[in-house]
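Note sheet for the following structure.
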Amino acid sequence: MLDLICKFHFVTYQYLQHIGFPFLPAYWALGYQLCRWGYGSLDAMKTVISRNQALGIPLDVPYADIDYMNHYEDFTEGDDASFIEWARDDQVPHNIQDQYPMAKNTRVMLGNVWPERNTAFPDFLDTKNNTNNWWAGEFATFHKTLPFDGMWIDMNEPSNFDTGTYSSMEEQLATSKLSCPISGADASLEIPPYPTQAVYQRSGEYLFSKTLCMLGKTARRSRNFYDTKNLYGWSEARATYQAIPLVTGKRSAVISRSTFPSSGRYGGHWLGDNTARWEDLQTSVIGVMEFNMFGIPYVGSDICGFNGVSNEELCLRWHQFGAFSPFSRDHNSEGMPDQDPAVWPSVANASKIALPFRYYYLPFLYRCIHGFHACSKISLQFLKLKLFYQSFAIGKFR
Numbered sequence: 001m002l003d004l005i006c007k008f009h010f011v012t013y014q015y016l017q018h019i020g021f022p023f024l025p026a027y028w029a030l031g032y033q034l035c036r037w038g039y040g041s042l043d044a045m046k047t048v049i050s051r052n053q054a055l056g057i058p059l060d061v062p063y064a065d066i067d068y069m070n071h072y073e074d075f076t077e078g079d080d081a082s083f084i085e086w087a088r089d090d091q092v093p094h095n096i097q098d099q100y101p102m103a104k105n106t107r108v109m110l111g112n113v114w115p116e117r118n119t120a121f122p123d124f125l126d127t128k129n130n131t132n133n134w135w136a137g138e139f140a141t142f143h144k145t146l147p148f149d150g151m152w153i154d155m156n157e158p159s160n161f162d163t164g165t166y167s168s169m170e171e172q173l174a175t176s177k178l179s180c181p182i183s184g185a186d187a188s189l190e191i192p193p194y195p196t197q198a199v200y201q202r203s204g205e206y207l208f209s210k211t212l213c214m215l216g217k218t219a220r221r222s223r224n225f226y227d228t229k230n231l232y233g234w235s236e237a238r239a240t241y242q243a244i245p246l247v248t249g250k251r252s253a254v255i256s257r258s259t260f261p262s263s264g265r266y267g268g269h270w271l272g273d274n275t276a277r278w279e280d281l282q283t284s285v286i287g288v289m290e291f292n293m294f295g296i297p298y299v300g301s302d303i304c305g306f307n308g309v310s311n312e313e314l315c316l317r318w319h320q321f322g323a324f325s326p327f328s329r330d331h332n333s334e335g336m337p338d339q340d341p342a343v344w345p346s347v348a349n350a351s352k353i354a355l356p357f358r359y360y361y362l363p364f365l366y367r368c369i370h371g372f373h374a375c376s377k378i379s380l381q382f383l384k385l386k387l388f389y390q391s392f393a394i395g396k397f398r
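If you're matching positions, the sequence shown starts at 1 in the UniProt record's numbering and goes up one per residue.
Dropping the structure here:
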């Protein structure tokens, strides 16, 4: 038994020695967090916060989703920053590019995400570091208008809505959406010479499905996007982690949807857009433990489920589990009914038991995460892995 436990911890220690130990989030970031997409107004957000506080439910971190943005826009393109680009001038869709003075006569690859107009994608692998400096400057400007303590970065696979295809340049110029080649030499990176499941959802899709064209250029045009796509979330998390202390002067917390080995050095992770189903609660338990093994201890799922309509019993049980997740946040989608603890008396009562329990043991949780940060002492792990041969323990806790 001792050999097995030592070997397991030795493997994780070796892995973290190679990729780097995880960051230490601010203490407040371990508190209970409440969010939804679709508050509609600041008053609506205040109403939800107030009704939970009135019931004595502890709440440390309220989130605003993209509702707070003006037309869902983030930052303005910077002169010195680098963005993902087309490889050649003849690939650039000028009917899109010419709509924007800052993009005209450039190779910047424009896609479609949440803003009403086209979107440029920062190249966080910029070898001159100008992009990261621009990113920090935008954070500083934003903080003057709306002071913030932490940052949640999303859609950073990177995602792109409705990526189209084209077989010729004339066909591409007829659309305002990002389109990628599926024939000729330019399509070689989009259609690898072997079967792959590295696509968004269905077999038969291309590598660019729901993302950017693989022939794009990153790292100041020194790399193909094909080679660096999986680093996009990692590089954005790193830039964000480095920018926030420069603005706030304090330790913070970053939550990212896309991760890569060593992402834990710069932020945590939530387990993506889950659904209000019992099977998603089950996989959340596994996901939290797995990401601890991956060196990302600040992790959790969307409590009660993001997509779909949650129900009272599911939300109650998910809050009980969420009280033990390092990242503990209730979050749901636009158009879905409210699912904060105050919606149901039974969920509110269960939360008033589970969450104070969490807060009582918060110093212990923080110590565990600090141990992971300082010397790779894993925060959460499977009981079967911890007590492999102790059948009495498995029987006791079954």
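Using N, Cα and C, we set each Cβ at its ideal position, and we do this for glycine too.
Rounded separation between Thr165 and Phe372 - CA only: So the alpha carbons of these two residues sit roughly 45 Å apart.
Reference Leu207; option with closest CA among Ala219, Asn230, Arg223, Arg220: Among Ala219, Asn230, Arg223, Arg220, the Cα nearest to that of Leu207 belongs to Asn230.
Among Gly264, Ser284, Asn274, which has the Cα closest to the Cα of Phe294? Comparing C-alpha distances from Phe294 to each of Gly264, Ser284, Asn274 shows the shortest one belongs to Gly264.
Considering Cα atoms alone, identify which of Lys217, Asp79, Asn95 is closest to Ser176. It is Asn95 whose Cα lies nearest to the Cα of Ser176.
Assign Arg223 to one of three DSSP states: helix, strand, or coil. If DSSP states are grouped into helix, strand and coil, Arg223 belongs with the strands.
Counting Cβ pairs closer than 8 Å, one from the region 351 to 360 and one from the region 50 to 63, do we hit at least three? Cβ pair count under 8 Å is three or more, so yes.
In its own chain, which residues sit with a C-beta less than 7 Å from the C-beta of Ser222, not counting the 5 before and 5 after it? Hits under 7 Å: Thr127.
With DSSP as the reference, identify every bridge partner of Leu34, one or two as the case may be. Leu34 is bridged by DSSP to Pro62, Asp330.
Through-space distance from Leu178 to Ala103, alpha-carbon basis: Roughly 14 Å between the two C-alpha positions.
Confirm, please, whether the CB-CB distance from Trp135 to Ala26 is below 7 Å. For the pair Ala26 and Trp135, the CB atoms are not nearer than the 7 Å cut-off.
Under 6 Å Cβ to Cβ from Asp123, same chain only, skipping five residues before and after it: list those, please. Hits under 6 Å: Ser82, Phe83, Ile84, Thr131, Thr218.
Would you call the region 297 to 308 and the region 271 to 286 touching, i.e. three or more CB-CB distances under 8 Å? Yes, the region 297 to 308 is in contact with the region 271 to 286.
Please identify the residue among Gly267, Gln17, Glu312 whose C-alpha is closest to the C-alpha of Gly233. Residue Gly267 is the option with its Cα nearest to Gly233.
Would you mind sorting Ala185 into buried or exposed? The rule is 16 or more other CB atoms within 10 Å of its CB. Under this definition Ala185 is an exposed residue.
Of the residues Met69, Pro326, Ser183, Cys315, which one's Cα is nearest the Cα of Trp114? Residue Met69 holds the alpha-carbon nearest to the alpha-carbon of Trp114 among Met69, Pro326, Ser183, Cys315.
Would you tell me roughly how many angstroms separate the C-alpha atoms of Tyr63 and Ser188, rounded to the nearest one? A direct Cα-to-Cα measurement between Tyr63 and Ser188 gives close to 42 Å.
Excluding five sequence neighbours on each side, which residues of the same chain lie with their C-beta closer than 6 Å to the C-beta of Pro261? Non-local C-beta neighbours of Pro261 in its own chain, meaning closer than 6 Å and more than five positions away in sequence, comprise Ile19, ordered along the chain.
Our contact map puts Asp65 next to Gly40 with C-beta atoms below 8 Å; I'd like the distance itself, whole angstroms only. Contact flag wrong, Cβ pair sits at about 11 Å.
Buried or exposed by the 16-neighbour rule on C-beta atoms within 10 Å, applied to Met169: Its pLDDT being 47, under 50, Met169 is placed unreliably in this model, and the coordinates cannot settle the point.
Is it right to say Ser183 is buried, meaning 16 or more other beta carbons lie within 10 angstroms of its own, or is it exposed? Result: exposed.
Exposure label - Leu362; buried when at least 16 CB within 10 Å: Leu362 is exposed by the Cβ-count criterion.
Measuring CA to CA, which of Thr12, Val61, Val48 is closest to Ala253? Among Thr12, Val61, Val48, the Cα nearest to that of Ala253 belongs to Val61.
Do Met151 and Thr47 have their C-beta atoms closer together than 7 Å? No, they are not a contact pair.
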